[in-house]
Amino acid sequence: MKGSATSESRHTSTRKTTLTERVLFYTGRIAEIHEVSKGKGWSRATMDSMELERQRGITIQSATTYTIYKDYNINIIDTPSHVDFTIEVERALRVLDGAILVLCAVGGVQCQTLTVNRQMKRYNVPFLTFINKLDRMGANPNRALTKLNHNAAFVNIPIGLEGNMKGIIDLIEERSMYFEGPFGQNIRLDEIPAEFRVEAADRRQELVECVVNADETLGEMFLEERIPNVPELKAAIRRATVQRLFSPVLVGTALKNKGVQPLLNAVLNYLPNPTEVNNYALFNDEESSDSTKILMDPTRDASQHFVGLAFKLEGCLKKTEYIINTRTGKKIRVQRLVRLHADQMEDVEVVYAGDICALFGIDCASGDTFNSRTSANLSMESIHIPEAVISMSMKPSNKNDTDKFSKGINRFTREDPTFRVHFDTESKETIISGMGELHLEIYSQRMEREYNCPCVMGKPKVAFRESVTSVVP
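Position 399 of the sequence shown, counted from 1, bears residue number 395 in my numbering, the numbering being contiguous throughout.
1. Nearest-angstrom Cα distance between residue 180 and residue 62?
2. Where do the N-terminal and C-terminal ends of the beta strand (DSSP E) with residue 333 fall, by residue?
3. By DSSP's criteria, residue 314 is part of a beta bridge. Which residues make up the other side?
4. From residue 9 to residue 100, what does the alpha carbon distance come to, in whole angstroms?
5. Is it buried or exposed for residue 254, if we count other Cβ within 10 angstroms and need 16 for buried?
6. Would you decide whether residue 86 is buried or exposed? Buried here means 16 or more other CB atoms lie within 10 Å of its CB.
7. Quick one: Cα of residue 233 to Cα of residue 169, how far?
8. Return the residue from the list 347, 350, 76, 380 that minimises the CA-CA distance to residue 363.
9. Quick check on residue 105: does DSSP put it in helix, strand or coil?
10. Would you kindly work out how many angstroms separate the C-alpha atoms of residue 207 and residue 355, rounded to a whole number?
11. Assign residue 404 to one of three DSSP states: helix, strand, or coil.
12. Mind checking residue 176: buried by the 16 CB within 10 Å criterion, or exposed?
13. Span of the alpha helix (DSSP H) holding residue 198?
14. Restricting to Cα atoms, I'd like to know which of 338, 326, 339, 349 is closest to residue 314.
15. How many whole angstroms separate the CB atoms of residue 135 and residue 102, which I take to be in contact at a CB cut-off of 8 Å?
16. Quick one, which of 269, 158, 51, 17 has its alpha-carbon nearest residue 93's?
17. Give a yes or no on whether the C-beta atoms belonging to residue 498 and residue 243 are separated by under 8 Å.
18. By the DSSP assignment, the beta strand (DSSP E) with residue 429 in it spans what residues?
19. Per DSSP, which residues does residue 417 bridge with? Please list them.
Rendered as structure tokens:
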């Protein structure tokens, strides 16, 4: 069984969690589709596992799961879309093999889209683009593609838009696809409708030309005036995508159950598996101030164990084995090893390269690297942590809740590097800093829900000082 790890990233309100729900349903991971509710009651979506997420209908923390599709093991991380929780996207992209950039067909490319694009570029993550919500009034996938600012082209196009969307056209296989059944689970293949044949031919030519500019092998065929067959075109798209020289663009509407299965096929066809990804570790020489980059071997060799917390990079990790935190030097025994499905856990005995797992009873911080060799002083490159943009004062409503307040603050700062806390000695206030008002508001609500410690938030006090500047006669 082959494996890959994929993240779904996007700007706000693209129905990314709705898309994830369909992916889990079509792959048999869940038996029933649960919808995301915004302002209409509590969300029941599988990946919205936090109480606040279900209440607000937004993703706050990254949720991970895995599923099997056509004998491929696919690990999925559902990341938040709001800019206030950008650290969740940073952490996910740092460890994943590929990503799906979800765009809204109405809103197109937005500011957060550009931020996510920069994050994927920072960690060299290949990605597919999925233009969602084609059923909405004002949907315009062509406009979204034009503003993407990346070498990208459609690999399928819609048959109609808004309320008239009936299916999609596969430009590579040159056929139409219709999604039938109560949840679009039955795919009917047919010829391309006559009124769309000219557009489909033009779009296919654009696709070939974009890939030619990114893939040398297909470029040589183009110069020889050879027409690539379907396997050759797919192979060229895969090579260009893995090297981040091209992004295949797919379309659909997750809410109306159209276009999700072709996206799953594209994940298998075009995104890399763990053996195709170059992961580098830093060799920290105590006698030198410099760190040397070392290419990690991702093959499944049981004699070579190298694990990054939550994401396995090399070899395999077994329960009861010992691993070492390269930052602290502490040797730790793996007492419990689980794979996650949102807030559900499944105990396993071993995980392999590309798997996402959770370890229990381990004292660590975000970005720590674990190694099974005492002689190898290796650590993975850490994540980019943006600076805080807003600060507020925070204190427990009840003075007797000081211990609860301290426990919550300590936990939250360890979990989230963008959530920062310091005590102002002059104003005698606890100052919290983060990425936005929503970011800090969520932690205030979590303090009340998880630690039974209601808090009062306000603007920080400004300390004024007076001093003698000159002598007054």
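Glycine residues also receive a C-beta, built at the ideal position from the N, C-alpha and C atoms. On a predicted model such as this, the values are computed, not experimentally measured, just so you know.
Checking against the coordinates, here is how it stands:
1. For the purposes of this step, residue 180 is taken as the residue at position 184 of the sequence shown. For the purposes of this step, residue 62 is taken as the residue at position 66 of the sequence shown. Each residue's Cα considered, the two are about 22 Å apart.
2. In the sequence shown, counting from the first residue as 1, residue 333 sits at position 337. Residue 333 -> beta strand (DSSP E) spans 333 to 337.
3. Start at 1 with the first residue of the sequence shown, and residue 314 comes out as number 318. In DSSP, residue 314 forms a bridge with 346.
4. The count along the sequence shown starts at 1 and reaches residue 9 at position 13. The count along the sequence shown starts at 1 and reaches residue 100 at position 104. Note that residue 9 scores a pLDDT of 49, beneath 50, so its modelled location is shaky; the value from the coordinates is reported in the next line. Between residue 9 and residue 100, the C-alpha separation is close to 8 Å.
5. Indexing the sequence shown from 1 puts residue 254 at position 258. So residue 254 counts as buried.
6. Start at 1 with the first residue of the sequence shown, and residue 86 comes out as number 90. Buried, because 16 or more other Cβ atoms sit within 10 Å of the Cβ of residue 86.
7. Here residue 233 corresponds to residue number 237 of the sequence shown, with the count starting at 1. Here residue 169 corresponds to residue number 173 of the sequence shown, with the count starting at 1. So the alpha carbons of these two residues sit roughly 14 Å apart.
8. What you label residue 363 is simply residue 367 of the sequence shown in a count that begins at 1. Closest option to residue 363, Cα to Cα, is 380.
9. Walking along the sequence shown from the start, residue 105 turns up at place 109. The three-state reading of DSSP puts residue 105 in coil, since its state is none of H, G, I, E or B.
10. Reading the sequence shown from its first residue, position 211 is the one you call residue 207. Reading the sequence shown from its first residue, position 359 is the one you call residue 355. Going by the C-alpha atoms only, they are around 42 Å apart.
11. Here residue 404 is taken as the residue at index 408 of the sequence shown, counted from 1. Residue 404 falls in the helix class under three-state DSSP.
12. Residue mapping note: residue 176 aligns to position 180 of the sequence shown, counting from 1. Around the beta-carbon of residue 176, fewer than 16 other beta-carbon atoms lie within 10 Å, marking it exposed.
13. If you number the sequence shown from 1, residue 198 lands on position 202. That run of the alpha helix (DSSP H) goes 193 to 208.
14. Within the sequence shown, numbered from 1, the residue matching residue 314 stands at position 318. When 338, 326, 339, 349 are compared, the shortest CA-CA separation from residue 314 is found for 349.
15. Sequence index remark: in the sequence shown, residue 135 carries index 139 (1-based). Sequence index remark: in the sequence shown, residue 102 carries index 106 (1-based). Correct: roughly 6 Å between the Cβ atoms.
16. The count along the sequence shown starts at 1 and reaches residue 93 at position 97. Checking every option, the nearest Cα to that of residue 93 belongs to 269.
17. Within the shown structure, residues of the chain are numbered from -3 to 469, placing residue 498 beyond reach of any answer.
18. Taking the sequence shown and counting its residues from 1, the one referred to as residue 429 is at position 433. Where residue 429 is concerned, the enclosing beta strand (DSSP E) stretches over 425 to 430.
19. Position 421 of the sequence shown, counted from the start, is the residue given in the question as residue 417. Paired residue(s): 428.
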